[in-house]
Every structure is written in C-alpha cells, then in structure tokens.
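Everything on this sheet refers to the single structure shown next.
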Amino acid sequence: MLRVRMCAFARRVKSWSSVSLSAVGLTATAVHADYSFDSSFLEIGGGSASAEVAEQVKAMSQGQLPGIYRIDLSVDDRLIEQRDMNFIRETANQVSTPNGLFPCFSLQALTELGVDPARLKDADISSDNCVYFNRELTGVTYDYDFNKQQLNLQVPQAFIGDVPFEIRRKNWNDGEQVAFANYSFSGSNYNNQTGSRQSQFGSVHSGINSGAWRFRNFSTWQKSTNVDGNWKSVDTYVQRDLGNMMAIATLGESSTDSDLFDTISYRGASVASDMDMLPDDARNFAPVIRGVANGRSLVTLRQRGYVISEQWVPSGPFALKGLYSTSSNGDIEVTVEGPNGERQVYIQSFSSVPYMLREGQQSYSVTAGQFRPADGTLNSEKPSFVQGTYRRGLTEGTTLFGGSIVSQQYKSALIGFAHDFAGFGAISLDVTHAISDDIGTDSKTLSGQSYRFRYAKSIDLTDTSFSLVGYRYSTSGYYSFNEAIDARANNTLTPYVDETLNNSGAFSPYLGGHMKSSFTANVSQQLGSYGGMYANLTKTDYWNRAQSNTSIQVGYSFSVGQASYNVGLAQNSGTGDDIRSLSVSVSIPFGNPGSTSRVGLSTNQDSAGNASRNATFSGSQFQDDSLSYNVGVNQQISDDDRVLGSSIAARYNAANAIWHGSYNRDQNTRQSDYGVEGAIVATRDTVMFTQPLGETNIIVATPGAANVGVLTKSGIKTNSSGYTVIPSAQPYRKNKVSLNTDSLSDNTDIANLVQEVTPNRGAFVLANFETHNGRRLLISVNSSDGKPAPFAAESQLFDLNGVLLSTAMVADKGRVFMTGVPDKARLLINVNGQPWCSKTLDLSAYDLSETGIGQLHIRCDATLVTPAAPQGTPDE
C-alpha cells in the first residue's frame, strides 16, 4: 500500500514542487529488475523498518505495486465511470503487462458491465473474490495505462448479455428522508389612461420522501383586482415504485397518461410501467440488425457518419439487438468485415412512431377510480371508471397495442399496431369503438368509431425528417370519455351553438364543437451550411360546425458567422378572422469574441394591418452567466395609431432562488412584472433554500464548505453549512456531480471532486464529498535533538477529541503536507505502526497568512504516545 499512499500524497501536494516531484518520482517510475540501490538510503529506523522498505523496493522491480487506485473504466473504448479499483499481481498464466497488475472484478461487477453471467459460472475466482475472466473468456483483454489511470476492457460480442434487472436495481438509490416545498410566485401591475389592475399567481409543489414512498401535493393561489385570493388543491397523491414489476403505483388524485387515450383526471389508484427503468440501449425503439458473416467478423454500425456500435460475431447468420440509436428514424450503415479483410456494406433503414417498442418489451397501465372534473367546468359528474392499456413489441419491428375504458355510462375499446417498414418509414394504425349513454336532451345511446393513422420517416440522403404525420377521423356517434361527460353536462349534442352556455364564462374544452377529424404534419429539411427549413400544419374539423380550425407555420433559419437569421410565415383561421403574418429576425454578436452580448432586430406584419418593430440588446454577467438581461425599444403599428415603447428585463439565478422582473412602457400604458421561483428542502441535517426542484434531485454535501459551486447548472452553490440541491436529475441513470474547483476557498480541500449517483424516481439522493476545512500547511517535523522525521513515516492529524481528520506521508527532510488543519489539532508521527512523536498545534501562536500554503517548523519528543494520551511537546 506504500505506492497507493504516495499516489494520494502526490495528488494533495498541488503547489509544493519539491515534495511533489519526489512523490511522483517514486510512484510513477517502475524500478528495472536489472538494477538495485543501497536501501540504507531509505533508512527510517533500522531493523524491521529497513527490511519493510527493502521488500517494497523488491516488489517495485516486478512492476507497479498492487492496491486500490482510482481509475477511469471503459468497456470496448466506451467510458463507463470513474471508480476505485483493486489491482492484484499478475500470475504466470496471465498475459504480462508493463505494470504487472491485474484488475480485480467480482462476478457482480462483471455482470453489471454487461458480461453474460452464464459465461462466468465456471470461472476461476481468487481468495480475494477476483474473477480470472481472461482465462475463462477467450478474447477478453484489458489495457491498464498506469500513468493515466485508465483501464479499458475489450469484451467480444459473444460474451455480452443483458444486465439482469435485479443487478441494475441494486444500484438505484431511494434517497434521503426529506420534506420540501417547490414554489413559484409572479405578479403584474398594469396602468393605462382609464385605470389600473393588479394580478398575482402562486403555486406550490410540496412533498415528503420516506424510503421509496413519495407523498405529493400541488396547489395554486390566484388573486386579481376584483377577485380575492384563494387556494386550490390540484393533485394530492402517494407514489412508489413496485420493484421487479418495473412499474410505478399511484394512490390519490392524479391524471392518466395520454399514451393511447386522452388524459383523464381521477381520484383513485393506478399502476403503470415506467419505461425509464430500462437501460439506455433498450428504452427507445431500435431495429434488429441482421446479416450473414463469412467467418468471424467485425460488424460496424454507423448512423449519420458516427460509429454507434462495433461488435464481433461468429460465422453464419447474426442478429444484433440492444442497439443504442442516436435518433428515432434514419439509415444505419452496416459494415461486415471478414477475417480476410473482405467487406460487405449495406444500408438498413428504420423508423418509429410513439407507440413502438423493441422486440420482447412490454408496457402496461391500469387505473381505477372516480373522474375528477377540472375546477370551474360546467359538468359536475364524477363517474367511476376503469382504464387499462397494454403494448407488446414483436419480431420484425412490429408492436401491438390495445386498451379499454369501462364506466357505467361509457365503454370503449382500442386496438392497433405499429410497424417499421424500413425504407418506407414507420406507420401505426388503430381504431377505437365507443358506446356513450345518456347523450343529449333525449338521453340517447350513441356509438361510433375513431380511426387514427400516424407516419414518421427520415431520409438521410436529403436530410429530410417527417417527424410526425397524423390523421384521425371520428364518426358522429363517437365520443371520447371526456367528451361524453362534457356533453351530458351540457345536455346537448351541439354545445357550440348554445350561445347561453358559450357566453356564461364557464370553462369547457368542447364548447368549440364535437371533433370530427384532425390532421397534423411536421416536416423539417436541413440544408447544410445554408441552414434549415420547417413546416407545421394542424387542421381540425368538427361535427355540426362548418368552419375548421387551421394553423400553418413555415420557417427558414440560417447563420452567417456568429449571426443568425430567421424568417417565418404563419396563418391561423377558424377561431375568428383569417390572419396571415410574416416575421423576420436577426441576432448579431456584440463585443469581444466569446462575449454573450447580442443585438437583436425583428419585425412582424400581419394581414389585419398590425405590425411591430423591435430592437434589443441582451447579455449575461458573472462567471457562470447567472445574471441575464435584455433591454429594448419597440414600435406597435395599427391602422389607427403608432405607439413607441421601451422595455427592460432581467433574470438572476441565485443559489437560493431564481428572481426575474421586467418593466414595459409606451405612450399609453405602464406594466411591471415580477416573480420568484425556488424551493425549501429540509433534511435531518440541514434546511436549504434552493433553485426550483425537478421531479428527481441530488443533494450535494460539502460539510462546512460554503459557496462551493457545481458545474452542472448556473448559480448553484452550497449554503453556509455546505449543502445545496442540483435539480432535475435523471432517474435510474448514473448522474455525474462535478464541483467547480474555482469556487473552492484556499482553506478548503476536497479529495474527490467528481461523484456519480443513481437516484430512484422522485428521490433526493445524496452526493457527500469528503471535505477538509482548515489550513494547508507544509510542516517540517524534527525531534528534540534536531533529527528530521523519518522518510515515508505516517503522519496523522487528530482533533482535540481524538477524531482522525487526515493522513499523509512524510517526505524528505521530515516535511509533511497536511490539509484541513483546524486552529487547534494534534499531530502524530508513526513508524511501522508505532508512535514516533506527537505534537499539539495551536495555529493562533504562529504568524500565518490567511490564504495559500503556510509553513511551520516544529520540534517534538520521540515519545511513545497515542492520540488520547498526554498532548506531547507543547508549541514553542
């Protein structure tokens, strides 16, 4: 372990050049077996001490010393993670490497990396639980670069298997026990020549986490000039994951997913698959790559010119699954390189639509409860219902799906399929049959069907993407569950023509009519260096209504240098006048290269004679761009008037909240807007005021170190106790937490600045960094007779209660570098595990600078003491 300690020692010494060079020289240079030197140069006390050092030198002649090293681990040249890895001495049966070390993986560790556990059932395992994988798995190799501390495993495809769900789930963290409130508040003041009005709105997402249980509530508050403020509860529920069912259970007030059916608000219970629990290479649809190999061959897959997979396959037909695709549509170039260098190259196209699953995968949901009408709606019905959905991925790129809703006055069933037609694209078709009772003034029973079609395709050759083209047609007797309830509440089949209801001010999403058909299309075309174009179309027709709702948007954007340009055309009809508009905008960088400041110019003109002109200047300030601002002037033009105005807006991402505000004025009006968003999080250890939370979050702990920044989000810093929260982590995935070294004070030292955590959904998982708060000292230790502390002796730093704070190794001339030294502490020097001397430190007695590395020269008696024994020689 001498080498491990010296590596750690070398990492701690940042600016102490002489000691660093000696430490690094000892750790990074392997002693050649043909040379030796007098071990008396490393004398640290004679007898067994000299023998131990001589043994270490002999071991170094065989390569690097075994032990635990922090390395970057890659599999097949793909970086997996940073971890502490135990290395043992290579045996004669293993391939020799320059450093002579073999990585010690347990069976579980190899399984987590994707190695098929069935291949390891007969593998040799050492006494310290290391699997000799390179004996059992022919072709598995490893490359350990000691100087860079990088380990790369090369694992042939034949040995790769699916990581068992139980193994992946063991790494998920339910997080800490917390209570939190995520809040948002905004308001505005508006003044014109006729009067003024004010309005405020607030919302609170609150909850409690206890183990895997999640208790949640969402409430809102609203107040305006003529309306008193009042609170309304929107959702209240408890939720947790169901382990091996790969699902989430919810009990209380919530809403169903809009997967196959429209969203339904309910009070009840549901169980639904959580597809995020799947690994990245299985979560989204991807095709099975098939081919034939003439001998053992290397199959290389490329998408958009990037290599996304390289796998060795045996001779004969092959089918590659578990592909990690970079998009949901496109062409995959397949190259099969045989043993003699011959190549087969072909293209396999694929596309997907939202319902598609990979072969063998399934998802389901079951909801039972009572319909929960939205606040302020016309209807007051609360029928009980049961809804179920199911999807299953079959072979050859096909997915079957279906579902049903059953209520006392409503029943529906849906069935459909989706298929990848390769070069043609992906298509899904489904039909829903519904029976609705008590509809209209004469309480009719109506039945009908709704047919839905979706299409998606990307053409890599022309870089064209049909991201989603969809058409739905419903017969006049078809009502969705929400439509049926609304129609019964309105007591009419044609609510659109009921002027009394239409002007009542009550909310109803179906007052515009009963939907007959809808068509949507989203198309984008990339033009390389010439920019890109897009077109979006939405058209909806209604029964008992002649006019359609139509929205068309077409745009073109391009860049010249650092300047960007946009042109857009839009047309909207159906809800009033038919309006067509043209918009043009340009954004130009301002200032030195790398500056965030930009000047923006835009104009908009519509067919009604209205126009607007805007000029803005925007930018950001501070190291992490936490303050952003925008100032501008504008002109509004109509047939009757021309109004000149100005505006200013700012947003500040503080560590404890996000603050924003704006002020707008023109010849006739004044308006100010303001708001704040943030959260309060309480744990067993602290209370934090943070930026707004996400569904899943990471608590960062640097105990005692305040204002430590993180690299993942602007403005986030630890509070006075050393805690903060990083919002919006990815559930069931490794999330990397990196601290900003520039934010560390001179008297703060953190051993490892990067950690990885894997939170469960909704968790507040802890990333706890080992933090040493105190001075950095280069201490020259001598005995009372002037003899320097022995080279390579162990130095231990204790507080006055005997708690170990840190350890280091003595370098040449009795010098030792210690971090996190408090004002009062105890220093103990050990040789061969036996106390050599002890010293009580009182830094107030020394003239030390507040920053940088301080230097001390101390004397101590060579007495046999322990940390809890007498304090040793007092300060001089």
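What the sequence shown shows, in mature numbering (1 follows the signal peptide of the UniProt record, and there is no 0), is residues -33 to -1, 1 to 843, in sequence order. Every residue gets a Cβ at the ideal spot worked out from N, C-alpha and C, and that includes glycine. Remember, predicted model here, so these are calculated numbers, not experimental data.
Supposed contact pair residue j and residue i - C-beta distance, whole angstroms, cut 8 Å
i, j, result
"residue 893", "Gly308", "Nothing in the structure corresponds to residue 893, since the chain is present only between -33 and 843."
"Leu227", "Ile256", "At roughly 29 Å, the Cβ-Cβ gap does not stay under 8 Å, so Leu227 and Ile256 are not in contact."
"Arg183", "Arg339", "Incorrect: roughly 15 Å between the Cβ atoms, too far for contact."
"Ala646", "Tyr150", "7 Å"
"Gly355", "Ser332", "7 Å"
Separation of residue j from residue i, as counted between CA atoms
i, j, result
"Gln167", "Ala792", "55 Å"
"Ala756", "Asp828", "11 Å"
"His824", "Ala812", "13 Å"
"Val723", "Asn176", "Reading off the sequence, residue 723 comes out as Glu, not Val. Straight-line Cα distance between these residues: approximately 21 Å."
"Pro802", "Leu795", "7 Å"
"Leu265", "Arg45", "17 Å"
"Asn631", "Gln572", "21 Å"
"Arg826", "Asn749", "5 Å"
"Tyr204", "Asp409", "38 Å"
"Asn119", "Phe420", "47 Å"
"Ala85", "Pro70", "21 Å"
"Pro698", "Gln328", "20 Å"
"Ser595", "Val643", "15 Å"
"Val600", "Ala582", "5 Å"
"Ile55", "Cys97", "9 Å"
"Ile11", "Asp790", "With a pLDDT of 45 at Ile11, under the threshold of 50, the predicted position of this residue should be treated as unreliable, though the coordinate-derived value follows. The straight-line gap from Cα to Cα measures roughly 30 Å."
"Asn559", "Tyr619", "23 Å"
"Ala214", "Gly336", "18 Å"
"Thr192", "Ser155", "11 Å"
"Trp626", "Asn533", "30 Å"
"Val832", "Asn797", "In this prediction, Val832 scores a pLDDT of 45, lower than 50, which makes its location untrustworthy; the coordinate-derived value is nonetheless stated afterwards. If I take the Cα positions, the gap works out to 10 Å."
"Gln376", "Gly383", "24 Å"
"Gln206", "Arg700", "20 Å"
"Ala26", "Ala216", "With a pLDDT of only 49 at Ala26, under 50, the local geometry of the prediction cannot be trusted, and no value is derived from it."
"Thr738", "Asp202", "40 Å"
Continuous alpha helix (DSSP H) stretch holding residue i: start and end
i, result
"Ala646", "Segment Arg637 to Ala649 is the beta strand (DSSP E) holding Ala646; no alpha helix (DSSP H) there."
"Phe132", "Phe132 to Lys137"
"residue 870", "In this structure the chain extends from -33 to 843, so residue 870 is not present and cannot be described."
Beta-bridge partners of residue i, as assigned by DSSP
i, result
"Ala575", "None, per the DSSP bridge assignment."
"Leu381", "Gly370 and Thr399"
"Gln121", "Thr108"
"Thr356", "Ser332 and Gly370"
"Gln49", "Asp39"
"Gln278", "Val266"
"Lys115", "Beta-bridge pairing links Lys115 to no other residue."
"Glu220", "Thr203 and Arg234"
"Arg728", "The partner list for Arg728 (beta bridge, DSSP) is empty, contrary to what the question assumes."
"residue 845", "Because residue 845 is not part of the residues shown, which for the chain are -33 to 843, the question remains open."
"Ala239", "Ile215 and Ser332"
"Thr691", "Val667"
Cβ shell of residue i (< 6 Å), same chain only, five flanking positions each side left out
i, result
"Asn449", "Asp229"
"Ile615", "Val598 and Tyr630"
"Ser417", "Thr399, Ser441 and Tyr445"
"Asn53", "Ile35 and Cys71"
"Val353", "Ala335 and Val373"
"Ala537", "Gln520 and Ser548"
Same chain, Cβ closer than 8 Å to residue i, five either side skipped, listed in chain order
i, result
"Leu711", "Ala672, Val675 and Ile717"
"Ile406", "Thr412, Leu413, Tyr446, Ala451, Ala454, Arg455 and Leu460"
"Ser15", "Interpretation of Ser15 is limited by its pLDDT of 44, a score under 50 that renders its predicted location unreliable; the figure taken from the coordinates is listed afterwards. Same-chain partners within the cutoff: Asn799."
Contacts around residue i, its chain only, beta-carbon distance under 7 Å, and the 5 residues preceding and following it disregarded
i, result
"Gly106", "Pro123"
"Arg651", "Gln144"
"Gly819", "Asp713"
First through last residue of the beta strand (DSSP E) which encompasses residue i
i, result
"Ala792", "Lys791 to Val798"
"Ala718", "First-last for Ala718: undefined, no H or E at that position."
"Gly169", "Gly162 to Ser177"
"Met785", "Arg782 to Val788"
"Phe388", "Neither: Phe388 is in no beta strand (DSSP E) and is coded neither H nor E."
"Ser414", "Lys411 to Ile426"
"Arg700", "Arg700 -> no beta strand (DSSP E), and no H or E assigned at all."
"Met776", "Leu771 to Met776"
"Leu744", "Arg742 to Ser750"
Heavy atom of the ligand GDP within 6 Å of residue i beta-carbon
i, result
"Ser605", "In the structure shown, the ligand GDP is absent, as is every other ligand, since no ligand is present at all."
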